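Everything below concerns the one structure shown next.
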Amino acid sequence: VSSFKDTHTLLGSMISLKVEGGWWVLYERNNFTGYQYVIGPGEYNNYGSWMGFNDCVRSCRIIRNVSLWPYKLMLYERLNFVGQSLELTESIKSVQDKWLRQEVQSCKVLEGTWNLYSLPASAETYMKSFSSSIQITAPQTPDNSQRNYQKVKPLPHFNYHR
């Protein structure tokens, strides 16, 4: 299935959703209109888990990847891109699963676009997207302590398929 113009007649209202592959755009209204939500592989127990305003999903469309863009990210244990480093080319649920360091204080995006999260199990706590031309250091929290990134995920380069 690549798209549905009207999911209401097929499904009624959405209670939960499981994406087994690919990236999808969910639309609040029929015929691909209204609020849009981009979701990837995973289980979504309710509309809040994909940051939806309500449980109205009336149409959906798969996103086709238009390029085989490589992904590469370099994590550093210290500010200003110094100290031990780890190169990533795929998403990981927890940085500590691949790296025994306690902190990631800076990173360089070498290729692609990446999302970084402050907690392994949540996209809501702190998420930031970075592209290949940006070098960043982890932002400071209100109490001036350094915020650590715990989860990283490459974003696909895509366009909408009609």
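In UniProt numbering, the protein residues as written are 1 to 162. We put the beta carbon where it would ideally sit given N, CA and C, even for glycine. This one's a predicted model, so the numbers in the text were calculated from it and none came from an experiment.
Where Q96 sits in the DSSP three-state scheme = Locating residue 96 in the sequence shown gives position 96, where the first residue counts as 1. Q96: helix per DSSP, three-state reduction.
Beta-carbon separation of W114 and I62 under 9 Å?
-> Within the sequence shown, numbered from 1, the residue matching residue 114 stands at position 114. Within the sequence shown, numbered from 1, the residue matching residue 62 stands at position 62. In this structure, I62 does not lie closer than 9 Å to W114 by Cβ.
Is the beta carbon of S106 less than 9 Å from the beta carbon of Y76?
-> Here residue 106 refers to the residue found at position 106 when the sequence shown is read from its first residue. Here residue 76 refers to the residue found at position 76 when the sequence shown is read from its first residue. Between S106 and Y76, the CB-CB gap stays under 9 Å.
The beta strand (DSSP E) with Q84 in it runs from where to where?
-> On the sequence shown, residue 84 is found 84 positions in, with the first residue counted as 1. Start and end: 82-88.
V82 to T33, Cα distance in whole Å?
-> As a working mapping, residue 82 is identified with position 82 in the sequence shown. As a working mapping, residue 33 is identified with position 33 in the sequence shown. About 47 Å.
Under three-state DSSP, which class holds S106?
-> On the sequence shown, position 106 is the one that residue 106 refers to. Correct three-state label for S106: strand.
R78 - containing beta strand (DSSP E), residue span = Position 78 of the sequence shown, counting from 1, holds the residue named residue 78. In the DSSP annotation of this structure, the continuous segment of the beta strand (DSSP E) that includes R78 starts and ends at 72-78.
Evaluate S59 with the Cβ neighbour count: other Cβ atoms within 10 Å of its Cβ, from every protein chain shown; 16 or more gives buried, anything less gives exposed.
-> Position 59 of the sequence shown, counted from the first residue, corresponds to residue 59. Classification of S59: buried, given that the 10 Å Cβ count is 16 or more.
Rounded to a whole number of angstroms, what is the C-alpha to C-alpha distance between C56 and Y27?
-> For the purposes of this step, residue 56 is identified with residue 56 of the sequence shown, where counting begins at 1. For the purposes of this step, residue 27 is identified with residue 27 of the sequence shown, where counting begins at 1. Going by the C-alpha atoms only, they are around 8 Å apart.
Quick one, are the C-beta atoms of V19 and Y44 less than 9 Å apart?
-> The residue you call residue 19 lines up with position 19 of the sequence shown. The residue you call residue 44 lines up with position 44 of the sequence shown. Yes; because the gap between Cβ atoms is below 9 Å, this pair is in contact.
Are G52 and G40 closer than 9 Å when you measure CB to CB?
-> As a first step, residue 52 must be located in the sequence shown, where it is residue number 52. As a first step, residue 40 must be located in the sequence shown, where it is residue number 40. Contact: no.
Buried versus exposed, by CB contacts within 10 Å (16 or more), L17 = Counting from 1 along the sequence shown, the entry for residue 17 is found at position 17. It counts as buried.
Would you verify that the beta carbon of D97 is, or is not, closer than 9 Å to some beta carbon of chain D?
-> Looking for chain D here will not work: only one protein chain is present.
Helix, strand or coil: how does DSSP classify S91 here?
-> Looking up residue 91 in the sequence shown gives position 91. S91: coil per DSSP, three-state reduction.
Backbone secondary structure at L26 - three-state DSSP | For this step, residue 26 is matched to residue 26 along the sequence shown. Note: L26 maps to strand in three-state DSSP.
Span of the beta strand (DSSP E) around E43 | Reading the sequence shown from its first residue, position 43 is the one you call residue 43. That run of the beta strand (DSSP E) goes 42-44.
Span of the beta strand (DSSP E), counted from its first residue to its last, around V57 = Position 57 of the sequence shown holds residue 57. The continuous stretches of beta strand (DSSP E) do not include V57, and DSSP gives it neither H nor E.
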